[in-house]
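Chains as they are written, first to last, in the numbering used here: chain X, 5 to 389; chain W, 5 to 389.
Glycine is no exception: its CB is placed at the ideal position from the N, C-alpha and C atoms.
Quantities reported herein were computed from a predicted structural model and do not represent experimental measurements.
Here is the structure we will look at, set down as structure tokens.
Number of protein chains: 2
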Amino acid sequence: MRNVAVVGYGLSKFGERWEAGLKELVSEAAVAAINASGVEPKQIQCLFTGAMSSGRFANQEHLGALVADQLGLTPIPSVRVEAACASGGVAVRQAYLALASGAYDLALVVGVEKMTDIDVGHATTTLGTAGDYEWEVFHGATFPALYAMMARRHMHDFGTKEEQMAMVSVKNHSNGSKNKFAQFQNLITVDAVLNSSVVASPLKLLDCSPITDGAAAIVMASENLARKFTDAPVWIAGSAQASDTLALHDRESLTSLKATKVAAEYAYKQANVRPNDIKVAEVHDCFSIAEILAIEDLGFFNKGYGGKAVEEGETQLNSKISVNSSGGLKACGHPVGATGVKQIVELTMQLRNEAGARQVSNADIGLAHNVGGSGATAVVHVLRR
Amino acid sequence: MRNVAVVGYGLSKFGERWEAGLKELVSEAAVAAINASGVEPKQIQCLFTGAMSSGRFANQEHLGALVADQLGLTPIPSVRVEAACASGGVAVRQAYLALASGAYDLALVVGVEKMTDIDVGHATTTLGTAGDYEWEVFHGATFPALYAMMARRHMHDFGTKEEQMAMVSVKNHSNGSKNKFAQFQNLITVDAVLNSSVVASPLKLLDCSPITDGAAAIVMASENLARKFTDAPVWIAGSAQASDTLALHDRESLTSLKATKVAAEYAYKQANVRPNDIKVAEVHDCFSIAEILAIEDLGFFNKGYGGKAVEEGETQLNSKISVNSSGGLKACGHPVGATGVKQIVELTMQLRNEAGARQVSNADIGLAHNVGGSGATAVVHVLRR
């Protein structure tokens, strides 16, 4: 297997993009990535697109062909992958494998979701298709409810407080305020989170990531080509994916995602790093409790200490580990298929010292953690400069 | 890149499976494939699932995790790919690349679609999401209309007759009558096709593939393992995929699918065979005209001669080339995500001399041709025993 690097990246503005459709979002991010990479479009040999539910959100399946068509890259092979909210991370991993294998030398990865063309109720039901329809969604257990149960159990077992969860959102809005692509660039307070409307107790509105339109793209190259396009390639040092039961009630634990732990173990081993080596991490904070689970399951903090770590400021920019410098899903926004690719974009910016006001000093090793559903899929990538 | 073989296969019964959900269909095909392969479930290292629009058909996305969960194969990585009606073929190709690369040694591929839980009108609209929503489906141009335009142009340019198209359906029903997994096992006549209700002129009901529930599965192994599991591995000699514009009006031709031609060229080259070497082919007959386009674009017959070739019986079992011995999409049925995998199952049966009453004599090289939408994706595999 060959080494693979990210050599260019691009983002669309994240937010309620009522003036842009699926195709426009794709173009915005992908053209920026291609231009930034210095790659000629005709050099690109394969395409991977991550999108969760474009069929329901935008009446459009066949996203692989759509992206190739929209970018004028036909007739190259173009594959759309879907793994709920981990679709972007899986797309990155499929491209990594395609290049590492020697099958191709240059790939474009696009993550996209156009979510605001349907109303919030239908969007929540559509997001629910990431869970077990027969056992969860059909009975009304959509994602706020599922994560609320995880939060309750974490509070019960480890004394985690609603204030600590709120602090995740406060931190991520602070980081997002330094990101011009973020959906929310406003600062919020712990009181604002605690006083926002209850969605599924103990989760309030400001504990939840929003519904977002957006796209992210990266150009990836095999080691023999990477340095031709950039002096600052960012290497995929570890790449792993794991699965777990779709339904929460089938899991051994409500306070830990086994898929995250399994994927992280493989990725750390491949990259030959330990959790303490990670300086900057983009983790899957679809709800505030999810970031607390993630920083524990990824080994940054001991199980049960996540809430306390947030409270102590150990996950803020330039602290022990800078978590979600982009603003995370909460503040940067969560166009589900784009999120996993956006995480790689953010880490690439950080490792190349291009993150501006939110730059983490000495960022040399980064980790991206992308979760599908309530944890039935997890993808972990370790990046090095 | 290493050689890769199919070492086991399984099918669910295709049809209106009102008693079975998505999960049951997956189990039916996958358990059969695993048992037939002699592989222990825990030896399987990765999963690829092809499904087109489970989110709309069955309120269920996140199919990769669902399949791993349903089969008790967690926590292995499980990827769902979508390329409209070519989803199954793309899943096979992704598994092929994963094994050829050396990343994994054993993979399970599942194709599935549960289509009959929604009504026919919604099913047609959902199938329409494989086209260009903004330029085609939104204006009412669903797939029967798009293929009808291709048929009209083929009739205009080459004198192809409605009777010749009808003969595709008659042949495929004849083949399907010898396949116990087929949705339709009844014989039909040219008159029956010509007198069936008009769907989109010149296409009648019996020119169109049906709406089907079904699943197909194969176990694939890298060359170092294949012979441990079977004395009759069927090798993937060529694997290629290509893309084209989503919308029909953007194409150079209405009577030829460029993606098919590009993919076939690559696959023939990799396999080092010519069209005339192919003894048995499963081609994408979503409509009768599509089989005529396919046998021309794949190089079995000269452009424009496809209708005549069918009329002359050159595509029947044990003729010049045996096309759609399974019954094709028309008679075997077309559970869209399953079709591309079912094609590989049929070829494996033929190349292993296990096809019973529909066995093609001396079947040593086979070809599978799977199309997404009106041709924006095409996948071609060449198989050898």
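Item, Value
"In chain order, what are the residue ranges of uninterrupted beta strand (DSSP E) at least 3 long that sit wholly in the region 212 to 298 of chain W?", "218 to 226, 238 to 247 and 284 to 286"
"Going by DSSP, what residue range makes up the beta strand (DSSP E) through Cys50 (chain W)?", "Cys50 to Gly54"
"Going straight from the alpha carbon of Ala3 (chain W) to that of Ala268 (chain W), what length do you get?", "A question about residue 3 (chain W) goes unanswered here, because the residues of chain W that appear run from 5 up to 389."
"Taking the alpha-carbon of Ala220 (chain X) as reference, which of X:Gly25, X:Trp22 and X:Val35 has the nearest alpha-carbon?", "X:Val35"
"What ranges does the alpha helix (DSSP H) occupy inside the region 147 to 186 of chain W, keeping only unbroken runs of at least 4 residues that lie completely in it?", "147 to 162 and 166 to 180"
"Report the three-state DSSP secondary structure of His385 (chain X) (helix, strand or coil).", "strand"
"Which residues in the same chain have their Cβ closer than 6 Å to the Cβ of Gly379 (chain W), if we skip the five residues on either side of it in sequence?", "Asp248, Leu261 and Ala263"
"Compare the C-alpha of Met353 (chain W) against each of W:Ile48, W:Val345 and W:Gln363 and name the closest.", "W:Gln363"
"Using beta carbons (cut-off 8 Å, strictly below), is Ala298 (chain X) in contact with chain W?", "no"
"So, does the CB of Arg21 (chain X) fall closer than 8 Å to a CB anywhere in chain W?", "no"
"Using CA atoms only, rank isn't needed, just tell me which of X:Gly344, X:Val194 and X:Arg388 is closest to Glu166 (chain X).", "X:Val194"
"From the beta carbon of Asn374 (chain X), is the nearest beta carbon of chain W less than 8 Å away?", "no"
"Just list the residues that DSSP pairs Arg84 (chain X) with in beta bridges.", "X:Thr53 and W:Glu86"
"Taking the C-alpha atoms as reference points, what is the distance between Glu227 (chain W) and Arg388 (chain W)?", "14 Å"
"With a Cβ-Cβ cutoff of 8 Å, do Thr328 (chain X) and Ser365 (chain X) count as a contact?", "One detail in the question is off: residue 328 (chain X) reads as Asn in this sequence, not Thr. Taking 8 Å as the Cβ cut-off, Asn328 (chain X) and Ser365 (chain X) do not qualify as a contacting pair."
"Roughly how far, in whole angstroms, is the beta-carbon of Gly331 (chain X) from the beta-carbon of Asn176 (chain X), given that I think they are within contact range, below 8 Å?", "5 Å"
"Rounded to whole angstroms, what is the Cα-Cα separation between Asp235 (chain X) and His385 (chain X)?", "21 Å"
"Would you grab the beta carbon distance between Leu56 (chain X) and Glu86 (chain X) for me? Rounded to a whole angstrom, and I think it's under 8 Å.", "A small fix is needed here, since residue 56 (chain X) is Met in this sequence, not Leu. Contact holds; Cβ gap of about 6 Å."
"Could you please give the first and the last residue of the uninterrupted alpha helix (DSSP H) stretch that includes Ile122 (chain X)?", "Ile122 (chain X) -> no alpha helix (DSSP H), and no H or E assigned at all."
"Does the structure place the region 272 to 282 of chain X close enough to the region 167 to 174 of chain X that three or more beta carbon pairs sit under 8 Å?", "no"
"Let me check understanding here. Comparing Cα to Cα, which of W:Glu28, W:Leu302, W:Gly360 and W:Glu138 lies closest to Thr259 (chain W)?", "W:Leu302"
"Span of the beta strand (DSSP E) holding Gly370 (chain W)?", "Ile369 to Gly376"
"Which of helix, strand or coil does DSSP assign to Val364 (chain W)?", "coil"
"From the DSSP secondary-structure annotation, give me the bridge partner or partners of Val10 (chain W).", "W:Met224 and W:Val238"
"With distances taken from CA atoms, which of X:Val375, X:Arg356, X:His288 and X:Thr381 is nearest Val10 (chain X)?", "X:Arg356"
"Return the CA-CA distance between Ala152 (chain W) and Thr133 (chain W), expressed in angstroms with no decimal places.", "18 Å"
"In or out: His66 (chain W) buried (at least 16 other Cβ within 10 Å) or exposed?", "buried"
"Is there contact between the region 66 to 80 of chain W and the region 93 to 106 of chain W, where contact requires at least three CB pairs shorter than 8 Å?", "no"
"Sorted by chain position, which residues of the same chain lie with C-beta nearer than 7 Å to Arg157 (chain X)'s C-beta, five sequence neighbours on each side aside?", "Leu258 and Thr259"
"Taking the alpha helix (DSSP H) that Val194 (chain X) belongs to, which residues open and close that run?", "Val194 to Asn199"
"Flag Arg255 (chain W) as yes if its beta-carbon sits less than 8 Å from any beta-carbon of chain X, otherwise no.", "no"
"Does any C-beta atom of chain X lie closer than 8 Å to the C-beta of Gln64 (chain W)?", "yes"
"Find out if the Cβ-Cβ distance for the pair Asp217 (chain W), Gly19 (chain W) is shorter than 8 Å.", "yes"
"Is the beta carbon of Val116 (chain X) less than 8 Å from the beta carbon of Ile222 (chain X)?", "no"
"Hey, out of X:Tyr100, X:Glu138, X:Pro214 and X:Asn199, whose CA is closest to Ala225 (chain X)'s CA?", "X:Tyr100"
"Using beta-carbon positions only, say whether Val375 (chain X) and Cys89 (chain X) come within less than 8 Å of one another.", "yes"
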